[in-house]
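Asker: Here it is, the structure, as structure tokens.
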Amino acid sequence: DGSEGPLPGIRQGVLSGDLQLAEALTLLVQLMVNMTSANALCNMVFRLASEHAAAAEVAAKPELSSAFVQEVLRLDAPLQRNPRRVAKAPGAKWKETELQAGNQVLLFLGAANVDPTVFENPSEFLLNRTGEKGTALSFGSGMHYCLGSN
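So the sequence shown is numbered by our numbering: it starts at 1 and just counts up by one.
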């Protein structure tokens with residue numbers, strides 16, 4: 001019925017030999033890229049239409065385009081949550097909770113991008129963010145950093 005998404009069908013295609021592994025990987029990458037790219041572009045259009053002052057400022061100063069894009073990605077991450085599995089332990093910790101190798105965690109990127117301990121006035125759309133303690137996590141980090149970020 002398709003309620004589980006395309007993964008079971010792709011898996012079955014590979015197992016039955018109807019689909020080569022390279023074809024399956026291409027499909028998976030395409031699915032990942034299409035969803036996040038479409039979300040990001042829609043979010044950009046929405047912010048251009050709703051953030052009138054920022055849109056006018058970018059139109060007058062095109063060098064602010066990158067700041068505009070970064071702020072949209074921070075406030076409207078194309079992917080709001082991302083499951084991960086803890087690879088290294090002991091020593092992995094979140095606040096007071098010790099994480100063990102193999103534990104599954106769910107990262108809420110959208111929430112992290114508006115963390116008031118990291119971003120001043122986190123809910124405001126600001127083109128001139130400077131001196132922040134961190135950067136938006138919309139593209140992940142480390143070995144999971146999104147290949148499509150550029």
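Cβ coordinates follow ideal geometry from the N, Cα and C atoms, glycine included.
Figure out for me which residue from L7, T130, P6 and G142 has the closest Cα to the Cα of Q70.
Answerer: Along the sequence shown, one-based indexing puts residue 70 at 70. It is T130.
Asker: Could you name the residues of the same chain whose beta carbon sits closer than 7 Å to that of S138, not counting the 5 residues immediately before and after it, in chain order?
Answerer: Locating residue 138 in the sequence shown gives position 138, where the first residue counts as 1. Contacts found: L73, R74, A77, P78, L109 and N113.
Asker: For a minimum of 3 consecutive residues, which ranges assigned as the beta strand (DSSP E) are wholly contained in the region 47-110?
Answerer: Entirely contained in the region 47-110, the beta strand (DSSP E) runs reaching 3 residues are, in chain order, 81-85 and 104-108.
Asker: Just reading off the alpha helix (DSSP H) that G17 is part of, what are its end residues?
Answerer: The residue you call residue 17 lines up with position 17 of the sequence shown. Here G17 belongs to no alpha helix (DSSP H), and DSSP marks it neither H nor E.
Asker: How many Å lie between Q80 and E120 at the Cα?
Answerer: For this step, residue 80 is matched to residue 80 along the sequence shown. For this step, residue 120 is matched to residue 120 along the sequence shown. So the two alpha carbons sit approximately 20 Å from each other.
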